[in-house]
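Asks: I'd like to ask some things about the structure below.
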Amino acid sequence: MKTLLNVMEQVNNRNAGEREFHQAVREVLESLEPVLEKHPEYVKAGIVERIVEPERQIMFRVPWVDDTGIVQVNRGFRVQFNSAIGPYKGGLRFHPSVNLGIIKFLGFEQIFKNSLTGLPMGGGKGGSDFDPKGKSDGEIMRFCQSFMTELYRHIGEDTDVPAGDIGVGGREIGYMFGQYKKIRNQFTGVLTGKGLTWGGSLVRTEATGYGLCYFVDEMIKAKGKSFKGASVVISGSGNVAIYAAEKVYQLGGKVVALSDSNGYIYDADGVKLDTVKRIKEIERKRISDYTKIHADAKYFDGFRGIWTVKCDIALPSATQNELDEDAAKALVANGCFAVGEGANMPSTPEAIEIFHKNKVLFAPGKAANAGGVATSGLEMSQNSIRYQWSFEEVDEKLKNIMANIYKNASETARAYGLEDNLVAGANIAGFLKVANAMLALGV
Ligand code: NDP
Ligand code: 2IT
12 MKTLLNVMEQ
22 VNNRNAGERE
32 FHQAVREVLE
42 SLEPVLEKHP
52 EYVKAGIVER
62 IVEPERQIMF
72 RVPWVDDTGI
82 VQVNRGFRVQ
92 FNSAIGPYKG
102 GLRFHPSVNL
112 GIIKFLGFEQ
122 IFKNSLTGLP
132 MGGGKGGSDF
142 DPKGKSDGEI
152 MRFCQSFMTE
162 LYRHIGEDTD
172 VPAGDIGVGG
182 REIGYMFGQY
192 KKIRNQFTGV
202 LTGKGLTWGG
212 SLVRTEATGY
222 GLCYFVDEMI
232 KAKGKSFKGA
242 SVVISGSGNV
252 AIYAAEKVYQ
262 LGGKVVALSD
272 SNGYIYDADG
282 VKLDTVKRIK
292 EIERKRISDY
302 TKIHADAKYF
312 DGFRGIWTVK
322 CDIALPSATQ
332 NELDEDAAKA
342 LVANGCFAVG
352 EGANMPSTPE
362 AIEIFHKNKV
372 LFAPGKAANA
382 GGVATSGLEM
392 SQNSIRYQWS
402 FEEVDEKLKN
412 IMANIYKNAS
422 ETARAYGLED
432 NLVAGANIAG
442 FLKVANAMLA
452 LGV
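When we follow my numbering, the leftmost residue of the sequence shown carries the number 12, and every step to the right adds one.
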């Protein structure tokens, strides 16, 4: 369709070199042709032209002093992408690979993901090219304080509510929240993922991983399958991977492999999560240390090899484009029947094509990993009413939200004659709500 081709061309030209952003936009636009045919009013109102352009992009200097007294300078980002259905909402990523294009791809995905949760949240994302690895606690604190010293003026509980992502967990949210509170002299729900004694929500820590398994469970149940007795491979060993693994065990499956950016471990008896939590959450060490404690487990260098491990279900939960065409072929050859994306855009377009061709049940990230931001939305609700719900209450809400997202994505796919294509279903369902709001609000 001409409109979509023109928009894609403009996105490529206007955002030269931003590869991941182009990839994320292309995937959504590819789903929208039948929607625009059915809704000429979206074309007339320039909805697609507007939705691919962030409402606001902020870049700033983040100076800080390291432990040896040397001044370091990083770059900070916040992309406020779309606020049609609520305040901007999305995580902050601290990783040396962060640049404007990465933050834009993540912010763009977040628009549709947040829409799918059914909660009133717009899309945004931010972060820095700061590398938290090997930094002391004092260095992390000074960096977070400096980052918030600029960011505070752009965010607020009704404006933009950041949270965690790669390299940003409870510790970093704490230092940033502390700095915000000092500068503004306000205790508000301006960040989510807060600690339980200072405004956080139960289940937020577990939410992305748990939600991923709730979603995959719905998807495979519809085809008469379950986690019971299934071998599961999960990439990454951070927040999403650890709590996905915990839920896999609760649902009767077995996790046989986990990874980090250096390599992966294979434990045929099932990975012992207590050990992983201690190594990664408390000691902040490498996944290779696992084999020092469990001598029967094996460690392999290189994180991509994890997809050659035989499994029934794969949950890529580390980073973008970590699962390519060869990896998808290896999974299919080994009999893997379902893939659920815990990370944002972990599968390349070629890998997704392989899954679809081979009838592997495929849960795209913007639907399957929405449990994290959904529970952030529930944290915002609790902050607004100055209350804290029990673990069971939040978990039940999360479960319902994930079941609803599955229902919405699969029914939308069916309605457009694309049965079982949850990529198209999620893209279209997420888009419709935002597009209708943009229409109502005027140009
Ligand atoms: P963490 O920082 O807790 O963990 C990230 C994990 O992925 C680590 O094991 C890390 O290994 C690995 N990893 C990171 N970058 C790379 C890379 N370039 N190559 C290989 N491995 C890598 O992050 P999260 O678990 O929070 O996030 C994981 C994914 O899930 C991201 O895509 C994120 O956007 C997505 N996500 C997170 C949500 C959340 O609530 N936290 C919600 C929805 C999606 P190492 O330690 O070696 O760097
Ligand atoms: O990618 C994501 O959805 C997140 N990192 C969580 C965002 C949030 O606001 O909780």
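For glycine and all other residues, C-beta sits at the position ideal for the given N, C-alpha and C.
From S272, E361 and M413, pick the residue whose C-alpha is nearest to that of N380; which is it?
Replies: With distances taken between Cα atoms, N380 lies closest to M413.
Asks: Determine, using beta carbons only, whether F348 and L433 come nearer to each other than 9 Å.
Replies: No. Outside cutoff.
Asks: Give the single residue among L284, V259 and E292 whose Cα lies nearest to the Cα of D323.
Replies: Among L284, V259 and E292, the Cα nearest to that of D323 is on V259.
Asks: Closest by CA to E497, which one among L326, R315 and A329?
Replies: The question about residue 497 has no answer here: the residues shown for the chain are numbered 12 through 454.
Asks: Hey, how far is the Cα of I122 from the Cα of G137?
Replies: So the alpha carbons of these two residues sit roughly 14 Å apart.
Asks: Starting from A174, follow its DSSP beta bridges and name the residues at the other end.
Replies: G102.
Asks: What does G436 pair with, by DSSP beta-bridge criteria?
Replies: In the DSSP output, where bridge partners are listed per residue, G436 has none listed.
Asks: Measuring alpha carbon to alpha carbon, tell me which of E38, Q83, F88 and P45 ends up nearest H165.
Replies: Residue F88 is the option with its Cα nearest to H165.
Asks: Applying the criterion that 16 or more other CB atoms from any shown protein chain within 10 Å of the CB defines a buried residue, is E183 buried or exposed?
Replies: E183 should be labelled buried.
Asks: If contact is defined by three or more beta carbon pairs under 8 Å, each pair taking one atom from either stretch, is the segment 441-448 in contact with the segment 51-65?
Replies: With a cut-off of 8 Å, the segment 441-448 and the segment 51-65 count as touching, because enough Cβ pairs lie within range.
Asks: Would the beta-carbon of S246 fall within 9 Å of that of L262?
Replies: Taking 9 Å as the Cβ cut-off, S246 and L262 do not qualify as a contacting pair.
Asks: Cβ-heavy atom distance between K115 and ligand 2 below 8 Å?
Replies: Because no heavy atom of ligand 2 lies under 8 Å away, the Cβ of K115 does not count as near it: no.
Asks: State the start and end residues of the unbroken beta strand (DSSP E) segment that holds Q91.
Replies: Counting along the chain, the beta strand (DSSP E) containing Q91 begins and ends at V82 to N93.
Asks: Within the continuous beta strand (DSSP E) that includes I276, where are the two ends?
Replies: G274 to Y277 is the span of the beta strand (DSSP E), which, as asked, contains I276.
Asks: Based on the DSSP secondary-structure assignment, which residues constitute the bridge partners of M70?
Replies: DSSP, once it has assigned bridges, lists F88 as partnering M70.
Asks: Does the distance from the C-beta atom of I113 to that of N93 stay below 9 Å?
Replies: No, Cβ-Cβ distance for I113 and N93 is not below 9 Å.
Asks: So does the segment 90-105 actually touch the segment 359-372, counting three or more Cβ pairs closer than 8 Å?
Replies: Contact fails: fewer than three Cβ-Cβ distances are below 8 Å.
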